[in-house]
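Report on one structure; see the data block that follows.
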């Protein structure tokens with residue numbers, strides 16, 4: 333004991349409790365087996381969570397990527413907003429994903445892990461993504477349901493839209509223009525379509 337009659341806490345913590353000193357070797361083995369069993373159970377639960385949340389989405393993504401690779405290249409055409417919305421990748425009968433940026437429509441199907449229904453940019457699938465990309469906003473409120481001429485964006489935001497357009501044009505196929513209300517679609521020849529696709533490959 334320390335001065336003053338109190339017990340020294342360090343001395344008390346270093347002594348084993350009397351109940352543990354009386355435990356025989358059989359109980360120590362049982363405790364060790366219990367700990368090993370709990371560890372195995374914890375590893376099994378972690379593995380099940382991994383398979384459920386990690387493997388399945390990647391398997392779905394691989395199937396979607398294989399389906400995207402099997403789709404033929406789209407013929408060149410122009411789209412209204414209503415026509416563009418049909419290509420959001422969500423329909424079972426139409427897995428193609430199109431997205432408009434700065435008045436140009438791109439086939440982003442091969443990037444379905446980004447632009448598909450479950451992807452981080454899935455909000456832009458089948459839509460004009462220009463405003464969302466310009467303002468770095470992934471909310472549905474940033475997108476407009478009617479044609480957006482982007483006239484209210486400032487110079488920095490417009491430059492951002494142009495940079496996004498260049499990046500997307502380098503990686504994905506250009507398939508046509510996004511039509512303004514009342515604008516007539518262009519007529520594309522097979523020669524123009526073939527020439528453009530071989531240029532991008």
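Numbering (this note's numbering), first residue to last: 333 to 533.
No residue lacks a Cβ here, since even glycine has one placed at the ideal position from N, Cα and C.
Legend entry - Close beta carbons around residue 454, own chain, < 7 Å, minus the five adjacent residues each side: 447 and 448
Inset, instruction - State buried or exposed for residue 518, treating a residue as buried only when at least 16 other CB atoms are found within 10 Å of its CB. - result: exposed
Inset, instruction - Reducing DSSP to helix, strand and coil, say where residue 530 ends up. - result: Low per-residue confidence applies at residue 530: pLDDT is 41, beneath 50, and the placement is therefore not dependable, though the value from the model is reported in the following sentence. In this structure, residue 530 counts as helix in the three-state DSSP scheme.
Legend entry - 8 Å contact criterion, which residue 430 and residue 507 should meet: CB distance rounded: 7 Å
Inset, instruction - Could you pull out every residue in the same chain whose Cβ sits closer than 8 Å to the Cβ of residue 530, ignoring the five residues on either side in sequence? - result: A caution first: residue 530 carries a pLDDT of 41, below 50, which makes its placement in the model unreliable, though a value can still be read off. Nothing listed; no residue qualifies.
Inset, instruction - Give the straight-line distance between the Cα atoms of residue 379 and residue 492, rounded to the nearest whole angstrom. - result: 42 Å
Legend entry - Expected contact under 8 Å - CB spacing of residue 432 and residue 460 to nearest Å: 4 Å
Legend entry - Reference residue 477; option with closest CA among 484, 463 and 487: 463
Inset, instruction - Indicate whether residue 457 and residue 421 have their beta-carbon atoms separated by less than 8 Å. - result: yes
Inset, instruction - Tell me residue 477's beta-bridge partners as DSSP assigns them. - result: Partner(s): none; residue 477 has no beta bridge.
Legend entry - residue 440 (DSSP reduced to helix, strand or coil): coil
Legend entry - Nearest-angstrom Cα separation, counted from residue 489 out to residue 298: The chain is shown only over 333 to 533; residue 298 falls outside these bounds and no answer can be derived.
Inset, instruction - Please report how far the alpha carbon of residue 362 lies from the alpha carbon of residue 356, in whole angstroms. - result: 10 Å
Inset, instruction - Using a threshold of 8 Å, state whether the C-beta atoms of residue 510 and residue 440 are closer than that. - result: no
Inset, instruction - Going by CA-CA distance only, name the one from 377, 415, 407 and 371 that's closest to residue 513. - result: 415
Legend entry - Ordered list of beta strand (DSSP E) runs contained in the stretch 454-513, each at least 3 residues: 505-509
Inset, instruction - Measuring alpha carbon to alpha carbon, tell me which of 409, 417, 465 and 373 ends up nearest residue 494. - result: 465
Inset, instruction - For residue 430, name the three-state secondary structure that DSSP assigns. - result: strand
Legend entry - Contact check, residue 428 vs residue 520, beta carbons under 8 Å: no
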